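Undergrad:
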Amino acid sequence: MSTELTLDGIVARVWPGEHPRYLAILVHGYGEHIGRYEHVAAALLAHGAAVYGPDHRGHGRSAGERVLIENFEDVVTEVHAVAERAMADHPTVPVVVIGHSMGGLIAARYAQRYGEALAALVLSGPVIGTWEAIDVLLSLEEMPDIPIDPATLSRDLSVGAAYAEDPLVWHGPFKRPTIAAFAAAMETIAKAGGLGPLPTLWIHGEDDQLVPLAGSRRGIEAVRGDDLTEVIYPGARHEVFNETNKEEVLAEVTRFIDRALGCWNSP
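All the letters of the sequence shown, read from the start, carry residue numbers 1 to 267 under full-length UniProt numbering.
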């Protein structure tokens, strides 16, 4: 059972764990909302976490013009406010940030800014490195009203069907300021340097057509620190947490977290 909290217009879901071993901060992707991560939260709860996840501004139940992001630094700050609330609720408990797609971009930048307080970082299909769609969209006079093809999300086609029917998912065109903000954030991340000793897990679908593997690999090489684990799933599409082998993916994440917690020293 989850509850909601609101911080300056940002609505976050909380899956409270009793005496948690760690805090998991879930960071969702573009156009979607944290409610699509219910099964991920359940797996983390069963693993001993308390789980917190915001709907980004302009997404899901949070305030703001739909899918308008003018500066990702502001989004990182808002995720940090949720993390600070989690840490206030559970002092001295280690924190793990898990970000998917656009959420992977946010999580990577979060780790660059606040990584000294983290026990681990998980990046799923992150939009870092290069993303050809940005240059294509910025070259157009008008943003095309072409929704994401639900079939590119997962080999489990029920995932795409549910996505297409979800009223909290944005099904309209990108907004130019958001695309420009993506470009700026990816450049900032590339220039900000590596993640040092922070244990980092990068997971990606081999057949990810939305955020192709090769572009993200360039971003991973730019930020990688001393402790990177890479897992590429053959045949998997963009949403590896919703893939046909999602139990395998979640088991990989929890194994990684166990290892990272074993090495964690309270700052």
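Just so it is clear, CB atoms sit at the ideal spot from N, CA and C, and this is done for glycine as well. Predicted model, so just to flag it, every value in this text is computed and none were measured.
Assuming residue 134 and residue 182 make a contact with CB atoms under 8 Å, what is their CB distance in whole Å?
TA: Walking along the sequence shown from the start, residue 134 turns up at place 134. Walking along the sequence shown from the start, residue 182 turns up at place 182. Sure, about 6 Å apart at Cβ, within 8 Å.
Undergrad: For residue 243, which option in 98, 159, 54 and 15 has the closest C-alpha, if you only look at C-alpha atoms?
TA: Start at 1 with the first residue of the sequence shown, and residue 243 comes out as number 243. Ranking the options by Cα distance to residue 243, first place goes to 159.
Undergrad: Using a Cβ-Cβ cutoff of less than 6 Å, which residues in the same chain neighbour residue 55 once the five nearest sequence positions on both sides are dropped?
TA: Against the sequence shown, residue 55 aligns to sequence position 55. Contacts found: 11, 33, 34, 61 and 62.
Undergrad: Would you mind working out which of 79, 128, 259 and 99 sits nearest residue 8, comparing C-alpha positions?
TA: Residue numbering aside, residue 8 sits at position 8 when the sequence shown is read from its first letter. The shortest Cα separation from residue 8 among 79, 128, 259 and 99 belongs to 79.
Undergrad: What are the start and end residues of the beta strand (DSSP E) that includes residue 95?
TA: Counted from its first residue, the sequence shown places residue 95 at position 95. It spans 95–100 - the beta strand (DSSP E) in which residue 95 sits, taken as one unbroken run.
Undergrad: Please state whether the Cβ-Cβ distance between residue 268 and residue 252 is less than 8 Å.
TA: The structure shown does not extend to residue 268, since the chain spans only 1 to 267, so no value can be given for it.
Undergrad: By how many angstroms is the C-alpha of residue 72 removed from the C-alpha of residue 139?
TA: In the sequence shown, the residue the question calls residue 139 occupies position 139. In the sequence shown, the residue the question calls residue 72 occupies position 72. Residue 139 and residue 72: Cα-Cα distance of roughly 21 Å.
Undergrad: Indicate whether the contact test is met: 3 or more Cβ pairs, each with one atom in the region 190–201 and one in the region 157–171, closer than 8 Å.
TA: As far as the Cβ criterion goes, the region 190–201 does not touch the region 157–171, which means the pair count is below three.
Undergrad: Roughly how many whole angstroms lie between the Cα atoms of residue 122 and residue 172?
TA: Within the sequence shown, numbered from 1, the residue matching residue 122 stands at position 122. Within the sequence shown, numbered from 1, the residue matching residue 172 stands at position 172. Spanning the two alpha carbons is a distance of roughly 29 Å.
Undergrad: Under a Cβ-count criterion, where at least 16 other Cβ atoms within 10 Å of its own Cβ denotes burial, should residue 157 be classed as buried or exposed?
TA: Counted from its first residue, the sequence shown places residue 157 at position 157. Classification for residue 157: exposed.
Undergrad: Consult DSSP for residue 91 and reduce its assignment to one of helix, strand or coil.
TA: One-based indexing of the sequence shown puts residue 91 at position 91. Here residue 91 sits in coil by DSSP.
Undergrad: In chain order, what residues of the same chain lie with their CB nearer than 7 Å to the CB of residue 225, ignoring the 5 residues before and after it?
TA: By one-based count along the sequence shown, residue 225 stands at place 225. The answer, listed in chain order, is 194, 195, 196, 197, 198 and 200.
Undergrad: Measure from the alpha carbon of residue 143 to the alpha carbon of each residue in 179, 250 and 150, then state which is nearest.
TA: Here residue 143 is taken as the residue at index 143 of the sequence shown, counted from 1. Residue 143 has its Cα closest to that of 179, out of 179, 250 and 150.
Undergrad: With distance defined between alpha-carbon atoms, name the residue in 42, 245 and 36 nearest to residue 17.
TA: In the sequence shown, residue 17 corresponds to position 17, counting from 1. Selected option, being the one with the closest Cα: 42.
Undergrad: Would you mind listing the beta strand (DSSP E) stretches within the region 117–166 that are 3+ residues and don't spill past its ends, in chain order?
TA: Listed in chain order, they are 120–124.
Undergrad: Residue 117: which of 97, 36 and 14 sits nearest, CA to CA?
TA: Counting from one through the sequence shown, the residue named residue 117 turns up at place 117. Cα-wise, what sits closest to residue 117 is 97.
Undergrad: Based on Cα-Cα distance, which residue from 151, 49, 120 and 128 lies nearest to residue 204?
TA: Along the sequence shown, read from residue 1 onward, the residue named residue 204 stands at position 204. Looking at the Cα atoms, 128 is the closest of the given residues.
Undergrad: Please determine, among 83, 23, 89 and 103, the residue with the shortest C-alpha to C-alpha distance to residue 69.
TA: For the purposes of this step, residue 69 is taken as the residue at position 69 of the sequence shown. Comparing Cα-Cα distances from residue 69 to each of 83, 23, 89 and 103, the minimum goes to 103.
Undergrad: Any idea what DSSP makes of residue 204, helix, strand or coil?
TA: The sequence position of residue 204 within the sequence shown is 204, counting from 1. In this structure, residue 204 counts as strand in the three-state DSSP scheme.
Undergrad: If you check the beta carbons only, do residue 239 and residue 153 fall under 8 Å apart?
TA: Taking the sequence shown and counting its residues from 1, the one referred to as residue 239 is at position 239. Taking the sequence shown and counting its residues from 1, the one referred to as residue 153 is at position 153. Closer than 8 Å, so yes.
Undergrad: Alpha carbon to alpha carbon, what distance is there between residue 100 and residue 236?
TA: For the purposes of this step, residue 236 is taken as residue 236 along the sequence shown, with counting starting at 1. For the purposes of this step, residue 100 is taken as residue 100 along the sequence shown, with counting starting at 1. The straight-line gap from Cα to Cα measures roughly 14 Å.
Undergrad: Under the three-state reduction of DSSP, which class applies to residue 69: helix, strand or coil?
TA: Walking along the sequence shown from the start, residue 69 turns up at place 69. Residue 69 falls in the coil class under three-state DSSP.
Undergrad: Given a cut-off of 8 Å on the beta-carbon distance, is the pair residue 93 and residue 45 in contact?
TA: Stepping through the sequence shown from its first residue, residue 93 is reached at position 93. Stepping through the sequence shown from its first residue, residue 45 is reached at position 45. No, they are not a contact pair.
Undergrad: Could you give the residue range of the alpha helix (DSSP H) that holds residue 257?
TA: Looking up residue 257 in the sequence shown gives position 257. Element bounds for residue 257: 246–263.
Undergrad: According to DSSP, simplified to helix, strand and coil, what is residue 231?
TA: Start at 1 with the first residue of the sequence shown, and residue 231 comes out as number 231. Three-state DSSP puts residue 231 in a strand.
Undergrad: With H, G and I counted as helix, E and B as strand and the rest as coil, what does DSSP make of residue 195?
TA: Taking the first residue of the sequence shown as 1, we reach residue 195 at position 195. Residue 195: coil per DSSP, three-state reduction.
Undergrad: On the DSSP bridge list, what partners appear for residue 15?
TA: If you number the sequence shown from 1, residue 15 lands on position 15. Note: residue 15 sits in a beta bridge opposite 51.
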